[in-house]
Amino acid sequence: MKYLVSVITDNPGLASPAEDAAIDVFNDRLQAEGHWVFAGGLGGPDTATTVDNRDGEALVTDGPFLESKEYLIGFWIIEAPDLDVALKLAAEGSKACNRKVEVRPFL
Amino acid sequence: MSATDVPEAITRAHHEQWARVVAALTRRFGDLDIAEEAAAEAFATAVERWPADGVPPNPGGWLTTTANRKAIDRIRRENKRDTRQREAQMLHDDDRRPGPPGPIDDERLRLVFTCCHPALAMQTRVALTLRMVGGLTVAEIARAFLVQESAMGQRITRAKAKIKAARIPYRVPSAEDLPARMGGVLAVLFLVFNEGYLATGPGTDPVRHDLTAEAIRLTRLVRALMPQDGEVAGLLALMLLIEARRAARVSASGELVALDEQDRGAWDAAMIAEGHRLVRERLAAGVAPGRYQILAAINAVHTSARDVRDTDWSQVLALYNQLVRLDPSPIVALNRAIVVAELDGPEVALAVVDRLDDTLAGYHVYHATRAELLRRLGRSRQSRAAYDRAVELAGNTAETAYLTRRRDQLG
Chain A
133 MKYLVSVITD
143 NPGLASPAED
153 AAIDVFNDRL
163 QAEGHWVFAG
173 GLGGPDTATT
183 VDNRDGEALV
193 TDGPFLESKE
203 YLIGFWIIEA
213 PDLDVALKLA
223 AEGSKACNRK
233 VEVRPFL
Chain B
27 MSATDVPEAI
37 TRAHHEQWAR
47 VVAALTRRFG
57 DLDIAEEAAA
67 EAFATAVERW
77 PADGVPPNPG
87 GWLTTTANRK
97 AIDRIRRENK
107 RDTRQREAQM
117 LHDDDRRPGP
127 PGPIDDERLR
137 LVFTCCHPAL
147 AMQTRVALTL
157 RMVGGLTVAE
167 IARAFLVQES
177 AMGQRITRAK
187 AKIKAARIPY
197 RVPSAEDLPA
207 RMGGVLAVLF
217 LVFNEGYLAT
227 GPGTDPVRHD
237 LTAEAIRLTR
247 LVRALMPQDG
257 EVAGLLALML
267 LIEARRAARV
277 SASGELVALD
287 EQDRGAWDAA
297 MIAEGHRLVR
307 ERLAAGVAPG
317 RYQILAAINA
327 VHTSARDVRD
337 TDWSQVLALY
347 NQLVRLDPSP
357 IVALNRAIVV
367 AELDGPEVAL
377 AVVDRLDDTL
387 AGYHVYHATR
397 AELLRRLGRS
407 RQSRAAYDRA
417 VELAGNTAET
427 AYLTRRRDQL
437 G
């Protein structure tokens, strides 16, 4: 079972060296214990471009699909047998990157 | 068995077997929704058939077999759709290892922990527990919490969908997580009880016996499943000692009767005896008590006094001091101050209460407590203002009536 752990922030600054170090330790642990699928950090909403091609004519807009004070800044995709395990890992991930995270299952 | 006994047998079977049937089916089919629907159908079939065919010798077995058949019928119908997807979404249960021996392995306990999972909102946990474990209908739960039946139905449907999609596990938590998770279960049960004990809303009965009784029944069930857990025993004792005073707590005219004015002869002696027995059992265990055990002990002291003047206030204060160390919340501090008034007088207590203004200014009991202390100090004008504020904030009809009378009695 795979879960998306989204990292949510309201702070435009990059991760501090201490946060980076903690994230590395957490990532190593995910890999060692078989939970690792993929992870990455993202550019902020200022770097986003929204594309809507539902009508067959791609409408390109500068900026995120939704402006909000808090936004997605990175994510982990983890493998976990159930939500209890996923939530425990998410709690550690949140601690490591010093940000709020949201957990959602892949269907 | 005569025909008149059949409805009673069905009610008893519903009380005793509902959670068992839902739990067994959830385990077998890995799906709460199927289990709930099939259990409901099995009970509906019993209502139809038992009056004519007679009550089966083993009602639980009959209900489980019937529900199993209903569930298989539904799965066969649905299997015409995508089997593989169904399989992938089965409620997760990786407990293939042999479980711990004894009552803790009861299927119903898995059901309780799943319904009270921390990833569900508190109100959702309450609704789901009442439906899946308590067997209340969606309409009954909606009425209990004064919401539309359709809204309550949606809440429960969404919860079942989340449990399945996010794979909330169907199992008793590991020993390491158990204390925290047990705390969550007890919070759900206490919330159900409190809503019954101090029902809110202008059109509701001040005491909803259906909810307090259901909370006690569910707590008894959890206690039977986890007899070694001190806080479960404490919560059951607490509920019994509060429920025992129900008849004396509201007057014939629908007004709340404060503890010091209650007719103690109207208290339920059997419930008090059971509550006291549980408290003594916990004291004898010699393990440091948790919050519910301390609250139960406080209520045991109150219910031990034949007359309010016989109350052992210093014992009550000692217990509150113990409680403050576990739970330094302003509400506990407020209740402790009421005891301080009995021992050190209203002036000392008022000084303590006034310090809580920052956090409790929106809580009617804070103002009612101030009003009472100010009344005892002869400060009528301030007391009246405090009663006014308490009446404004109180949501329970019996409490409002009581506070209004107290205010109007001021000189």
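As they're listed, the protein sequences go chains A and B. Be aware that the first sequence starts at 133, since it is given in my numbering, and climbs by one per residue. Be aware that the second sequence starts at 27, since it is given in my numbering, and climbs by one per residue. Even glycine gets a Cβ: it sits at the ideal position worked out from N, Cα and C.
{"Asked": "Please list the residues of the region 132-159 of chain B that have a C-beta atom closer than 7 Å to any C-beta atom in chain A, keeping them in chain order.", "Found": "A145"}
{"Asked": "How big is the Cα-Cα spacing for B:R431 and B:M148?", "Found": "35 Å"}
{"Asked": "Would you list the residues sitting across from A:I205 in a DSSP beta bridge?", "Found": "Answer by DSSP bridge pairing: none, since A:I205 is not bridged."}
{"Asked": "With 7 Å set as the bound, which would you pick, yes or no: does the beta-carbon of B:R193 sit closer than that to a beta-carbon of chain A?", "Found": "yes"}
{"Asked": "For A:T181, does the count of other Cβ atoms within 10 angstroms reach 16, so buried, or fall short, so exposed?", "Found": "exposed"}
{"Asked": "So the beta strand (DSSP E) A:E234 belongs to, where does it begin and stop?", "Found": "K232 to P237"}
{"Asked": "Going along the chain, which residues of its own chain have a beta-carbon closer than 6 Å to the beta-carbon of B:Q174, five neighbours each way excluded?", "Found": "none"}
{"Asked": "Report the rounded CA-to-CA distance for B:Y389 versus B:E368, giving the unit in angstroms.", "Found": "22 Å"}
{"Asked": "Determine, using beta carbons only, whether B:A68 and B:T37 come nearer to each other than 7 Å.", "Found": "no"}
{"Asked": "May I have the straight-line CA-CA distance separating B:V283 from B:A170, to the nearest angstrom?", "Found": "23 Å"}
{"Asked": "Within 7 Å (strictly less), CB to CB, does A:L221 reach chain B?", "Found": "no"}
{"Asked": "According to DSSP, what are the bridge partners of B:L247?", "Found": "Answer is none; B:L247 lacks a bridge partner."}
{"Asked": "Name the DSSP bridge partner or partners of A:S138?", "Found": "A:F207 and A:E234"}
{"Asked": "Look up A:A171 in the DSSP assignment and give the residues it is bridged to.", "Found": "A:W208"}
{"Asked": "Classify B:D132 as helix, strand or coil using the three-state DSSP reduction.", "Found": "coil"}
{"Asked": "Output the distance between the C-alpha atoms of B:G56 and B:L137, rounded to the nearest integer angstrom.", "Found": "11 Å"}
{"Asked": "Whose C-beta lies closer than 7 Å to the C-beta of B:R308 among residues of the same chain, with five residues either side of it excluded?", "Found": "G256, A259, G260, P315 and Q319"}
{"Asked": "Once you ignore the five residues that flank B:D121 on each side, which residues in its own chain have a CB closer than 7 Å to its CB?", "Found": "Legend: pLDDT at B:D121 = 47, less than 50; position of this residue unreliable, value from coordinates given subsequently. R197."}
{"Asked": "Could you check the C-alpha separation between B:D119 and B:E425 for me, to the nearest Å?", "Found": "At B:D119, the pLDDT of 49 sits below 50, so the modelled position is not reliable; the number obtained from the coordinates is stated separately. Roughly 47 Å between the two C-alpha positions."}
{"Asked": "When you compare only the Cα positions, how much space is there between B:A311 and B:V305?", "Found": "10 Å"}
{"Asked": "So if DSSP puts A:V183 in a beta bridge, which residue, or which two residues, is it bridged to?", "Found": "A:V192"}
{"Asked": "So which residues of chain B does A:P237 contact, with C-beta pairs closer than 7 Å?", "Found": "A191, A192 and R193"}
{"Asked": "Can you find a CB in chain E that lies within less than 7 Å of the CB of A:L215?", "Found": "Checking the listed chains, one finds no chain E in this structure; the protein chains it contains are A and B."}
{"Asked": "How long is the line joining the alpha carbons of B:D63 and B:T150, rounded to whole angstroms?", "Found": "Just to set this straight, residue 63 of chain B is Glu in the shown sequence, not Asp. If you take the alpha carbons of B:E63 and B:T150, they lie about 18 Å apart."}
{"Asked": "Would you report the Cα separation of B:S340 and B:G301, rounded to the nearest angstrom?", "Found": "21 Å"}
{"Asked": "Whether or not the region 210-218 of chain A and the region 162-181 of chain A are in contact is what I'm after, with contact meaning three or more pairs of Cβ atoms, one per stretch, closer than 8 Å; do they touch?", "Found": "yes"}
{"Asked": "Hey, quick one: how far does the alpha helix (DSSP H) through B:M178 stretch, first residue to last?", "Found": "E175 to A191"}
{"Asked": "Use the C-beta contact count for B:R446: other C-beta atoms within 10 angstroms, 16 or more gives buried, fewer gives exposed.", "Found": "One cannot answer for residue 446 of chain B here, as it falls past the ends of chain B, which runs 27 to 437."}
{"Asked": "CB-CB under 8 Å to B:D434, same chain, minus the five flanking residues each way: which ones, in chain order?", "Found": "none"}
{"Asked": "Mind checking A:R186: buried by the 16 CB within 10 Å criterion, or exposed?", "Found": "exposed"}
{"Asked": "The alpha helix (DSSP H) that contains B:G301, what's its start and end?", "Found": "A295 to A311"}
{"Asked": "Pull up the distance between the alpha-carbon of B:R410 and that of B:D380, whole angstroms please.", "Found": "16 Å"}
{"Asked": "Can you grab the Cα-Cα spacing for the pair A:L219 / B:H143, in whole Å?", "Found": "12 Å"}
{"Asked": "Compare the C-alpha of A:G195 against each of A:E189, A:A223, A:V169 and A:P177 and name the closest.", "Found": "A:P177"}
{"Asked": "Quick one: measure Cβ to Cβ for B:L386 and B:Y392, integer angstroms, because I've assumed they're closer than 8 Å.", "Found": "4 Å"}
{"Asked": "Please report the straight-line C-alpha distance between B:Y7 and A:D142, rounded to a whole angstrom.", "Found": "Any answer about residue 7 of chain B is impossible in this case: the structure gives chain B only from 27 up to 437."}
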